[in-house]
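The next block holds one structure in the form of structure tokens; read it before the comments.
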Amino acid sequence: MKRQTTRRRRSQRPKVLEVRVMSPRIAWFGFLRFAVTAAKIGCVVAALTAAGWGVWRGVQHAFFQNPDFRLRYIDLNENSVIDEIETAEAIGIELAERPNLFDIDVSKAAEKLSARPGICEARVERHLPATLVVRVLPRTPKAWLACLEQDISGERKAGGMLVDVNGVAYPCPALQLESASALPIIILPASDEHSIAV
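Counted from 1, the sequence shown has number 29 at position 30 by numbering that gives the first Met the number 0; the numbering is strictly sequential.
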């Protein structure tokens, strides 16, 4: 005699047949779905472009085209090397045009001023609304240089050679002539190995 046991019957999975049918109507709805999605993306891109252009125009109008930010003053510290007009010329500013402060590259202006022979260091800043602040550290001369073989006369005049405490030789600026007139003259012999470099 056989025992009766209860067996679990496996449930049969329903068999599904997937069929994709393409008809003109289905293709039309697919195209419409694609067109709507593309239109939404296009609207978002257009809105972002318009917002970016508006911000750019606002910045241009608020800063670069604003007459309140035109250069009116050059605030230069007291020094014996350069004055305000020479500063503007050295930086490349046309004072008659009154440029906008934001059109002036302050880092390049500081580099141009530092490259002048009588200036050790220069700093240029914008102070709104209309001031360009310039701070220069002039070289402090210690003596006049003379070397007749290299055509450097020891005359105490503008353009004559001065030497500062660090041994840097530079031509005397006109503004520094009065303060340097009492300095001693050092006469140097000519040397091929050690020429006087400005």
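Beta carbons: idealized from backbone N, C-alpha and C, even for Gly.
Quiz item: Where does D82 fall in DSSP's three states?
Solution: Against the sequence shown, residue 82 aligns to sequence position 83. Reduced to three states, the DSSP call for D82 is coil.
Quiz item: I171 by DSSP, collapsed to three states: which one?
Solution: Taking the first residue of the sequence shown as 1, we reach residue 171 at position 172. Per the sequence shown, the amino acid found at residue 171 is Cys instead of Ile. It is coil, neither helix nor strand.
Quiz item: To the nearest angstrom, how far is it from the Cα of R110 to the Cα of E85?
Solution: Working through the sequence shown from its first residue, we reach residue 110 at position 111. Working through the sequence shown from its first residue, we reach residue 85 at position 86. The question names Arg, yet the displayed sequence has Glu at residue 110. Approximately 15 Å, taken between the alpha carbons.
Practice problem: Assign R201 to buried or exposed, taking buried as 16 or more other Cβ atoms, counted over all protein chains shown, within 10 Å of its Cβ. | Solution: The structure shown does not extend to residue 201, since the chain spans only 0 to 197, so no value can be given for it.
Practice problem: Indicate whether the contact test is met: 3 or more Cβ pairs, each with one atom in the segment 68–80 and one in the segment 41–51, closer than 8 Å. | Solution: no
Quiz prompt | Limits of the unbroken alpha helix (DSSP H) element including A61 | solution = Along the sequence shown, one-based indexing puts residue 61 at 62. No alpha helix (DSSP H) holds A61; DSSP gives it neither H nor E.
Quiz item: Which ranges does the beta strand (DSSP E) cover as unbroken runs of at least 3 residues, wholly within the segment 79–149, from first to last along the chain?
Solution: 118–126, 130–137, 140–145
Self-check item: Through-space distance from L176 to A129, alpha-carbon basis
Solution: Within the sequence shown, residue 129 is the residue found at index 130, counting from 1. Within the sequence shown, residue 176 is the residue found at index 177, counting from 1. Going from the Cα of A129 to the Cα of L176 covers about 32 Å.
Quiz item: Should A179 and P140 be called a contact, given that it needs their Cβ atoms to be closer than 8 Å?
Solution: Indexing the sequence shown from 1 puts residue 179 at position 180. Indexing the sequence shown from 1 puts residue 140 at position 141. A contact, by the Cβ cut-off of 8 Å.
Quiz item: Cβ of I92 within 8 Å of Cβ of L112?
Solution: By 1-based counting over the sequence shown, the position of residue 92 is 93. By 1-based counting over the sequence shown, the position of residue 112 is 113. The criterion of a C-beta distance shorter than 8 Å is not satisfied by I92 and L112.
Quiz item: With DSSP run on the structure shown, which of helix, strand or coil describes L176?
Solution: As a first step, residue 176 is located in the sequence shown; it is residue number 177 there, counting from the start. Residue state, collapsed to three classes: helix.
Quiz item: With 16 as the cutoff for other CB atoms within 10 Å, does W27 come out buried or exposed?
Solution: Residue 27 sits at position 28 when you count from the first residue of the sequence shown. Flag for W27 reads exposed.
Practice problem: Going by CA-CA distance only, name the one from A142, R122, P170, F101 that's closest to A108. | Solution: As a first step, residue 108 must be located in the sequence shown, where it is residue number 109. It is R122 whose Cα lies nearest to the Cα of A108.
Quiz prompt | Beta carbon proximity, S113 to chain D, threshold 8 Å | solution = Looking at the structure shown, chain D is missing, and only one protein chain is on hand.
Quiz item: When the Cα atoms are used, what is the spatial distance from Q59 to F68?
Solution: Here residue 59 is taken as the residue at index 60 of the sequence shown, counted from 1. Here residue 68 is taken as the residue at index 69 of the sequence shown, counted from 1. Distance between the alpha carbons of Q59 and F68 is about 12 Å.
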